[in-house]
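Participant:
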Amino acid sequence: MKRIFSVFLCVLFSALLGANAALADSRQLLGTYRDWDAFLLKKTNGEKVCYMISIPKSATPKSLKHGNPFLTVSHKPARKIKNEVNFVVGYNFKKNSRVSMKIDKNRPFRLFTEGDGAWGDDVKADNTMAQAMKRGSTMVMSAQSGRGNNTSYRFSLSGFTAAHNAITKACH
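Positions -24 to -1, 1 to 148 (mature numbering (1 follows the signal peptide of the UniProt record, and there is no 0)) are the ones given, in order, by the sequence shown.
1. Can you name the start and end residues of the alpha helix (DSSP H) that Phe136 belongs to?
2. How many angstroms separate the CA atom of Asn21 from the CA atom of Ala54?
3. In angstroms, rounded to a whole number, what distance separates the CA positions of Thr127 and Ala101?
4. Measure the Cβ-Cβ separation of Ala138 and Leu6 and say whether it is below 7 Å.
5. Give the range of the beta strand (DSSP E) segment to which Val64 is assigned.
6. Given 8 Å as the limit, is there contact between the segment 8 to 27 and the segment 103 to 114, that is, 3 or more CB pairs closer than that?
7. Classify Thr104 as helix, strand or coil using the three-state DSSP reduction.
8. Whole angstroms are fine: how far does the CA of Arg10 sit from the CA of Gly96?
9. Do you know how far the Cα of Asn72 is from the Cα of Thr89?
10. Per DSSP, which one or two residues make a beta bridge with Val25?
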């Protein structure tokens, strides 16, 4: 089930990256590393995008429909982007709100939101978050929906470092 959902998210993520729906783009699974899958996307224009993706282990409150939330970390060498953190949920976030990313018991990071996505503020924030995820074991993303509901998602970081190493090697 996780594999099918990961493939679905891979296709969805490619669409979010602006990938053409034509079958000319090629996707390659670099590997499954415990709770993270790593992919290489070769676009028709020759651009490579390497990304890793995971889905939450739990979502609260259970009474709400959460859609299909996921978190990615991407390298886009042609654009000189490394460690781009993106959290996507199945609803729009509250306008001008911030998502809290708490890794283990450390001080939380804050991500800006737009629509149903959240990102780090800049390259430094992305790099710092990626390094913290390598050292951590559990990550909780807390957000507020456009309807005012407080939500949270618990991710496992098991396999994060191995998946990150795979995308870094593929997009060096």
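We put the beta carbon where it would ideally sit given N, CA and C, even for glycine.
Facilitator: The short version:
1. 136 to 146
2. 11 Å
3. Their backbone Cα atoms lie some 23 Å apart in a straight line.
4. At the C-beta level, Ala138 and Leu6 stay beyond 7 Å of one another.
5. 57 to 64
6. no
7. helix
8. 25 Å
9. Whole-angstrom Cα-Cα distance: 7 Å.
10. Val25 is bridged to Leu17.
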